[in-house]
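The sequence shown begins at 1 in our numbering and counts up by one.
The C-beta atom is built at its ideal place from N, Cα and C for all residues, glycine as well.
Quantities reported herein were computed from a predicted structural model and do not represent experimental measurements.
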Amino acid sequence: MPVLHLTDIAVRALKPTDGYVSYWDDTTPGFGIRVGKRSKTWMVMRGRNRERISIGKYGDLSLAEARAEAKRLLSTAPEPKAVTLTFAKARERFIEENYRDAKPRTKAEAERLLKKHLKGLDHRRLHSIDDADVKRELDKLSDTPSEQLHVFRTARCFFRWCVRPPRRYIKHSPMEGYEPPSSDRRGTRILSDDELKAVWKAAEKPPHAIIRLLILWGTRNTETIVTERKWASDAVLTIPGEFTKNGRDHSIPICPLAQETLDLFPEGTHFFRSRWGDGHLSFAGLAKIKAEVMKASGTKDWQTRDLRRTFRSNMARLRVPRDVAELLINHAPPVLDDIYDRYDRLEEKREALAKYETFLISFLAQGRT
1 MPVLHLTDIA VRALKPTDGY VSYWDDTTPG FGIRVGKRSK TWMVMRGRNR ERISIGKYGD
61 LSLAEARAEA KRLLSTAPEP KAVTLTFAKA RERFIEENYR DAKPRTKAEA ERLLKKHLKG
121 LDHRRLHSID DADVKRELDK LSDTPSEQLH VFRTARCFFR WCVRPPRRYI KHSPMEGYEP
181 PSSDRRGTRI LSDDELKAVW KAAEKPPHAI IRLLILWGTR NTETIVTERK WASDAVLTIP
241 GEFTKNGRDH SIPICPLAQE TLDLFPEGTH FFRSRWGDGH LSFAGLAKIK AEVMKASGTK
301 DWQTRDLRRT FRSNMARLRV PRDVAELLIN HAPPVLDDIY DRYDRLEEKR EALAKYETFL
361 ISFLAQGRT
């Protein structure tokens with residue numbers, strides 16, 4: 001596009017053309033004049049979407065007046081344009097674009113939260129959704145405050161994404177100023193030996209036996225459900241960093257009780273399979289298994305993360321060194337350790353897990369230790 005130093009003399013000298021030619025001012029970026037066969041029109045181009053705005057005709061507005069109006073328009077953010085996308089359609093774009101570089105489990109969890117708990121908004125136009133609509137959906141989760149908080153945070157992220165350029169699907173988020181329905185609570189629940197024994201017995205066969213692995217390894221449920229058979233070799237299971245929370249490979253020695261449990265599951269790409277095809281068990285599938293085990297065991301009020309906390313507490317109970325116990329639950333090491341200490345402590349982990357399996361076998365046989 002031609003760039004000129006626009007002066008009154010230069011503008012008068014611009015010749016009419018059969019088509020249209022735009023000339024842009026070299027002193028006021030975004031300000032220019034469009035020359036056609038019969039007229040010359042002052043204009044502004046602004047924003048990431050390169051929005052063009054006509055200011056007026058040359059002759060009606062002087063160069064000084066046009067430049068002053070151009071500066072005013074260029075200093076003002078363009079108003080968001082109303083977009084008639086539905087919640088469901090915008091959600092699809094959000095999941096694909098916002099989580100393009102995220103870990104698969106992060107993307108899957110965001111999709112699950114929005115699809116499962118905000119499906120009542122699916123057919124609503126974005127611009128018609130207000131805070132009362134969001135509150136109505138969130139109130140349905142009042143009995144599960146942790147899930148409610150996760151939905152709140154994901155929905156807030158979604159609506160903020162809808163407001164930001166270059167999308168500008170809506171002018172304002174309906175959750176702007178919306179207070180969180182609850183706050184994070186630091187968990188303290190661990191299962192007693194009697195509860196652990198009851199849960200273990202209730203998880204005797206697949207698919208429920210995945211609960212036994214959560215008891216034996218203390219792994220995160222997100223890292224457990226995706227486990228593939230090819231990750232197990234020479235009595236060690238290594239979960240690749242792309243599937244772990246801290247991005248580090250997590251190696252778990254497979255002791256006899258764990259191997260016996262893994263052997264219960266049928267052949268396939270994944271140890272813990274989806275009900276459909278050879279994909280891995282879903283978050284919803286694990287939640288269903290946990291609920292069934294809880295009911296069958298006669299226990300109550302525990303989550304899969306409480307099994308992880310119970311595992312870590314029992315490591316301390318068995319006097320397993322702190323650094324080994326933290327590695328077993330795949331907590332990220334301090335920064336300096338992460339840089340300089342690359343020893344995987346595999347043998348120390350194997351010794352700790354063998355000690356823990358002996359401990360479990362003892363009280364499973366006797367009732368209590």
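Closest Cα partner of residue i within the set the options
i           : options            : result
residue 56  : 42, 47, 146        : 42
residue 261 : 212, 48, 152, 218  : 212
residue 2   : 21, 11, 16, 58     : 21
residue 363 : 134, 175, 193      : 193
residue 203 : 148, 355, 296      : 296
residue 227 : 205, 215, 268      : 268
residue 136 : 125, 187, 119, 28  : 119
residue 16  : 4, 35, 10          : 35
residue 247 : 206, 239, 176      : 239
residue 308 : 221, 348, 121, 175 : 221
residue 58  : 13, 18, 236, 257   : 13
residue 154 : 125, 104, 98, 206  : 98
residue 196 : 179, 123, 294, 245 : 294
residue 316 : 286, 355, 252      : 355
residue 84  : 129, 54, 68        : 129
residue 306 : 218, 321, 10, 258  : 218
residue 171 : 27, 65, 161        : 161
Contact under 9 Å by Cβ, residue i with residue j
i           : j           : result
residue 74  : residue 6   : no
residue 299 : residue 190 : no
residue 44  : residue 38  : no
residue 312 : residue 289 : no
residue 173 : residue 152 : no
residue 254 : residue 236 : yes
residue 121 : residue 133 : yes
residue 86  : residue 112 : no
Euclidean distance between Cα positions of residue i and residue j
i           : j           : result
residue 46  : residue 168 : 15 Å
residue 282 : residue 272 : 9 Å
residue 24  : residue 101 : 38 Å
residue 127 : residue 148 : 23 Å
residue 349 : residue 250 : 11 Å
residue 40  : residue 76  : 24 Å
residue 286 : residue 225 : 8 Å
residue 318 : residue 187 : 21 Å
residue 50  : residue 166 : 11 Å
residue 163 : residue 345 : 48 Å
residue 241 : residue 104 : 12 Å
residue 138 : residue 303 : 21 Å
For the structure I just gave you, are there three or more beta carbon pairs, one from the stretch 86–93 and one from the stretch 219–234, closer than 8 Å? Not touching, per the Cβ criterion.
4-residue-minimum alpha helix (DSSP H) runs that sit fully inside the stretch 94–132, ordered along the chain: The qualifying runs are 104–117.
Fully enclosed by the stretch 196–252, which alpha helix (DSSP H) runs are 4 residues long or longer? As far as the stretch 196–252 is concerned, its whole alpha helix (DSSP H) runs of at least 4 residues are 210–217, 221–224.
Quick check for students: name the residue ranges of the alpha helix (DSSP H) that lie wholly in the stretch 6–90, counting only runs of 4 or more. The stretch 6–90 contains these whole alpha helix (DSSP H) runs: 8–13, 63–74.
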